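Below you'll find the structure, written out as structure tokens, and then a few comments.
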Amino acid sequence: MVDRRTALAGGALLLAGCGSGTLRARVKKGAKVSPADIAILNRLLEVEYYAIAAYTAGIPFLPHDQQKVAKQFVGQDVTHASTLAGLIKQGGGKAIRQQASYDLGRPTAPGILNLLHRLEGKQVDAYIELIPTLSAGRLRSTAAAIMGNDAQHLSVLRTELGEPPVPSALAGGRE
Amino acid sequence: MDRLRTRRELVGSTAAAVAAAGLAGAEGARAAPAPPTDGDVLRRTLQIERVVVIAYRQAIDSGALEPNLAAEVERFLGQEHEHVSILEGALRSLGEPQPAPPSDLSAAQRVLTAHHVNATLFGLRTQDQYVTLLVDVETLAEEAYFVAVAQLSDAALLRTSAQIMGCEAQHWTVLSTVKHPGDVMMTVPYPFVGGPL
Chain A
42 MVDRRTALAG
52 GALLLAGCGS
62 GTLRARVKKG
72 AKVSPADIAI
82 LNRLLEVEYY
92 AIAAYTAGIP
102 FLPHDQQKVA
112 KQFVGQDVTH
122 ASTLAGLIKQ
132 GGGKAIRQQA
142 SYDLGRPTAP
152 GILNLLHRLE
162 GKQVDAYIEL
172 IPTLSAGRLR
182 STAAAIMGND
192 AQHLSVLRTE
202 LGEPPVPSAL
212 AGGRE
Chain B
38 MDRLRTRREL
48 VGSTAAAVAA
58 AGLAGAEGAR
68 AAPAPPTDGD
78 VLRRTLQIER
88 VVVIAYRQAI
98 DSGALEPNLA
108 AEVERFLGQE
118 HEHVSILEGA
128 LRSLGEPQPA
138 PPSDLSAAQR
148 VLTAHHVNAT
158 LFGLRTQDQY
168 VTLLVDVETL
178 AEEAYFVAVA
188 QLSDAALLRT
198 SAQIMGCEAQ
208 HWTVLSTVKH
218 PGDVMMTVPY
228 PFVGGPL
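Here the protein sequences come in this chain order: A and B.
So the first sequence is numbered by this note's numbering: it starts at 42 and just counts up by one.
So the second sequence is numbered by this note's numbering: it starts at 38 and just counts up by one.
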């Protein structure tokens, strides 16, 4: 279990090092959000929050090299979450809050990577399912730009787990 | 720094192309230009995918790649062939004409140049040069699907395009790892993938 304050504090620190502000601004600026998009974006935000909580709870238990990777990824997931929350606000909606705690089970150190792999896969699947339902083209592209980064996370985590980094010509979280 | 330079150039060239398109539209009859059809979008994307296949083929045939990398690149080439087949099949399903494939290496190079990619298909000798080429064409492919996801109207095509975009992003990361082993700041550098419209 990880409390929200810990998760947010960890994410905020890492967000400072994320870079790519211009691209982030362009991605956010170009998208028009309709009321029908709000619920969809909130679903995506929830899976991002879940992954952020898992990274934040799991990072202290990872070996040094994997900590470096995980810190980079949670920082990027925090950027995804803040982008989604910004889009929801832009569309006149209310972004869901991160839960006070998440039931992450009690993974052992080796199990943490499997948990992160599973949650990144869930993110990729959620985006792929929901991108076609978003109303505006640029909003879909924004979601795809996030999904592509999560697919990269998935690929690196697969490598860390000794699995093929790109098992399919069509990215998905279930491989 | 190759990745950063390439991405920036691509972003700049895309912005320039969009600006140019806007100017051209303004000079027109002030009628809104017709949005591209799904066939138009698929043809543009297929044209780029075919050049990606040519770049992979060049890298493999060069003999410059270490055996383990050559095997990985061969797997990626197989996936790029799948992408081409998917796009060709989608065009057939829509009853749309196929774009003519590049007739030779020079024609493929012209496609890269037309999309403002500095990578060259000629005169490469080392593994590093070929990996740089593949990273550059994968960046172009990411941008192609970023655009496609914005423009397509069919839900199934949208979903498939997003999945292919994710695959190209994964290729990009694996290839970048060859250039920057163990440096996640370089191999997964941005929280977003693809060029802005």
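The beta carbon of each residue, even a glycine, is placed where N, CA and C say it ideally should be.
None of these values were measured; they are calculated from a predicted model.
Contacts around R162 of chain B, its chain only, beta-carbon distance under 7 Å, and the 5 residues preceding and following it disregarded | A101, listed in sequence order.
What is the rounded straight-line gap between the Cα of S182 of chain A and the Cα of A150 of chain A? 36 Å
| query | If you draw a straight line from the C-alpha of A185 of chain B to the C-alpha of H153 of chain B, how long is it? | reply | Going by the C-alpha atoms only, they are around 18 Å apart.
**Asked** Once you ignore the five residues that flank I123 of chain B on each side, which residues in its own chain have a CB closer than 8 Å to its CB?
**Response** T197, I201
Exercise for the section: Count the other C-beta atoms from every protein chain shown that fall within 10 angstroms of the C-beta of N190 of chain A, then say buried if there are 16 or more, exposed otherwise. Expected result: Result: buried.
Please compile the residues from chain A whose C-beta is within a distance smaller than 8 Å of the C-beta of L195 of chain B.
I172, P173, R181
**Prompt:** Start and end of the alpha helix (DSSP H) containing L198 of chain A?
**Reply:** 178-201
*Could you check what DSSP says for S142 of chain A in three-state terms: helix, strand or coil?*
strand
Check: Per the contact definition of three or more C-beta pairs closer than 8 Å, is the stretch 141-150 of chain B in contact with the stretch 107-121 of chain B?
Finding: no
**Prompt:** Would you say G189 of chain A reaches chain B, if we count a Cβ-Cβ gap shorter than 7 Å as a contact?
**Reply:** yes
Give the secondary structure of T149 of chain A by DSSP, where H, G and I count as helix, E and B as strand, and everything else as coil. Three-state result, T149 of chain A: coil.
Neighbour list for P104 of chain A in chain B, Cβ cutoff strictly below 7 Å
Under the 7 Å cutoff, chain B gives no residues; its nearest Cβ is about 13 Å from P104 of chain A.
* Do the CB positions of Q131 of chain A and V207 of chain A come within less than 7 Å of each other? -> no
### Query
Does the separation of the CB atoms of L79 of chain B and A144 of chain B fall below 7 Å?
One thing to note: L79 of chain B has its Cβ no nearer than 7 Å to the Cβ of A144 of chain B.
Practice item. Run the CB neighbour count on G99 of chain A, radius 10 Å, all protein chains shown included, and call it buried at 16 or more, exposed below. Key: buried
Quiz item: So, using beta-carbon positions, are E119 of chain B and A167 of chain A closer together than 7 Å?
Solution: no
Taking contact to mean 3 or more Cβ pairs, one atom from each stretch, closer than 8 Å, check whether the stretch 80-90 of chain A and the stretch 125-143 of chain A are in contact. yes
Taking E204 of chain A as the reference, which of A:A111, A:L154, A:A184 has the closest Cα? A:L154
Cβ contact (3+ pairs, closer than 8 Å) linking the stretch 157-173 of chain A and the stretch 159-179 of chain B: no
* Give, in chain order, every residue of the stretch 84-104 of chain B whose Cβ lies closer than 9 Å to some Cβ of chain A. => none
Residues of chain A with CB under 7 Å from T150 of chain B, in chain order?
-> Neighbours of T150 of chain B on chain A: none; closest Cβ ~24 Å, over 7 Å.
Looking at the secondary structure, which residues open and close the alpha helix (DSSP H) in which S99 of chain B lies?
Note, S99 of chain B: premise wrong, no alpha helix (DSSP H); not H, not E.
### Task
Could you check what DSSP says for D118 of chain A in three-state terms: helix, strand or coil?
helix
Exercise. From which residue to which residue does the alpha helix (DSSP H) around V235 of chain B run?
Worked result: As shown, chain B starts at 38 and ends at 234. That puts residue 235 of chain B outside it, with no answer to give.
*Quick one: what's got a C-beta closer than 8 Å to R215 of chain A's C-beta in the same chain, skipping five residues either side?*
G162, D166
- Query: By the criterion of Cβ-Cβ separation under 8 Å, what are the contact partners of M222 of chain B in chain A?
  - Reply: At a C-beta separation below 8 Å, M222 of chain B has these neighbours in chain A: Q113.
Inset, instruction - Would you mind reading off the limits of the alpha helix (DSSP H) that contains R84 of chain A? - result: Looking at the DSSP string, the run of the alpha helix (DSSP H) that includes R84 of chain A is 76-99.
Please look up how many angstroms separate the CB atoms of Q140 of chain A and Y96 of chain A, rounded, as I've assumed it's under 8 Å. Not confirmed; about 15 Å, so no contact.
Original post:
By Cβ distance, which residues of its chain are closer than 7 Å to S140 of chain B, with the 5 residues on each side in sequence left out?
Top reply: none
Could you give the DSSP three-state label for Y227 of chain B: helix, strand or coil?
coil
Checklist entry - Between B:S190, B:A137, B:P228, which lies nearest to P72 of chain B when the distance is taken from Cα to Cα? => result B:S190
| Around the Cβ of S123 of chain A, are there at least 16 other Cβ atoms within 10 angstroms (buried) or fewer (exposed)? | buried
Going by CA-CA distance only, name the one from A:E170, A:G178, A:G152, A:A186 that's closest to L202 of chain A.
A:G152
Does DSSP put I201 of chain B in a helix, in a strand, or in coil? DSSP places I201 of chain B in helix when its eight states are reduced to three.
_Which residue wins for smallest C-alpha separation from R147 of chain A, given the options A:V197, A:S196, A:F102?_
A:F102
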